[in-house]
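To keep things clear, I will list the structure first and then write my remarks on it.
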Amino acid sequence: MFLSYSHKDQALIDQLTAYVAALRRRGVIQVWTDQSIEAGTEWDKAIVSYLDSADIILLALSADFLASDYSSVEVREVLKRHNTGQAYVIPVMLRPVDWSDSPFSHLQSLPDNGKPITLWEDRDAAFLSVARSIQKVAEQLKAQAAVSDP
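So for the sequence shown, this note's numbering puts the first residue at 34; every next one is plus one.
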């Protein structure tokens with residue numbers, strides 16, 4: 034799972050990755066962020082490499098994410114992979130932002146109720162809802178792969 038986000042949302046990303054940690058430990062998903070890049074590695078090549086291999090891509094939505102020049106580069110690549118069926122792209126609404134004009138506005142977002150995580154009275158419930166939805170997608174992709182590769 035590739036996670037595209039603004040570094041200004043790092044605290045929320047840390048919480049999200051904590052909620053999907055059980056999925057990672059069980060081997061349901063692998064989580065990759067740019068923090069996974071080792072010293073001395075060319076970060077642009079590392080990002081492109083993992084982005085090209087991820088089957089689930091999360092777009093962590095906030096005003097800072099949409100304002101980032103680099104996220105627009107990632108989004109172009111992400112949508113190419115989505116449109117060819119190579120990746121499952123999921124916008125995750127971290128903070129309130131108008132993304133109705135974004136190139137991915139047609140995609141169903143998480144949490145399912147369309148309410149940004151920071152507006153939930155109980156953020157734990159919001160993160161849990163997102164983690165459960167990610168698990169469903171990962172299991173669905175695994176089942177599809179099993180049918181494709183008997």
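We put the beta carbon where it would ideally sit given N, CA and C, even for glycine.
Assumed close pair residue i, residue j - CB separation to whole angstroms, cut-off 8 Å
{"i": "Leu127", "j": "Thr151", "result": "7 Å"}
{"i": "Val122", "j": "Ile90", "result": "5 Å"}
{"i": "Val61", "j": "Gln168", "result": "6 Å"}
{"i": "Leu49", "j": "Val180", "result": "Not confirmed; about 30 Å, so no contact."}
Beta-carbon spacing of residue i, residue j below 8 Å
{"i": "Leu140", "j": "Pro124", "result": "yes"}
{"i": "Leu143", "j": "Tyr52", "result": "no"}
{"i": "Val108", "j": "Pro136", "result": "yes"}
{"i": "Ala171", "j": "Leu56", "result": "yes"}
{"i": "Asp88", "j": "Ala120", "result": "yes"}
Close Cβ partners of residue i (< 6 Å) along its chain, the five nearest in sequence each way excluded
{"i": "Leu45", "result": "Leu127"}
{"i": "His185", "result": "Beyond the ends of the chain as shown, which are 34 and 183, falls residue 185; an answer cannot be given."}
{"i": "Gly73", "result": "none"}
Cutoff 8 Å; reference residue i; Cβ partners in own chain excluding five residues on either side
{"i": "Arg156", "result": "Gln48, Ile150"}
{"i": "Ser138", "result": "Trp132"}
{"i": "Gly147", "result": "Met126"}
{"i": "Leu174", "result": "Asp88, Ile89, Tyr121"}
Cutoff 7 Å; reference residue i; Cβ partners in own chain excluding five residues on either side
{"i": "Ala176", "result": "none"}
{"i": "Val101", "result": "The residue you asked about is not Val; residue 101 is Ser in the sequence shown. Excluding positions up to five away in sequence, the list reads Ser39."}
{"i": "Arg153", "result": "The amino acid at residue 153 is misidentified as Arg; the sequence shows Trp. Ala159."}
Residue i CB to nearest heavy atom of the ligand NAD below 7 Å
{"i": "Pro124", "result": "In the structure on display, the ligand NAD does not appear, and there are no ligands present to speak of."}
Q.
My parser needs the beta strand (DSSP E) runs of 3 or more residues fully inside the segment 114 to 146; what are they?
A. 121 to 126
Q. Any chance the segment 34 to 43 sits against the segment 83 to 97, with 3 or more Cβ pairs inside 8 Å?
A. yes
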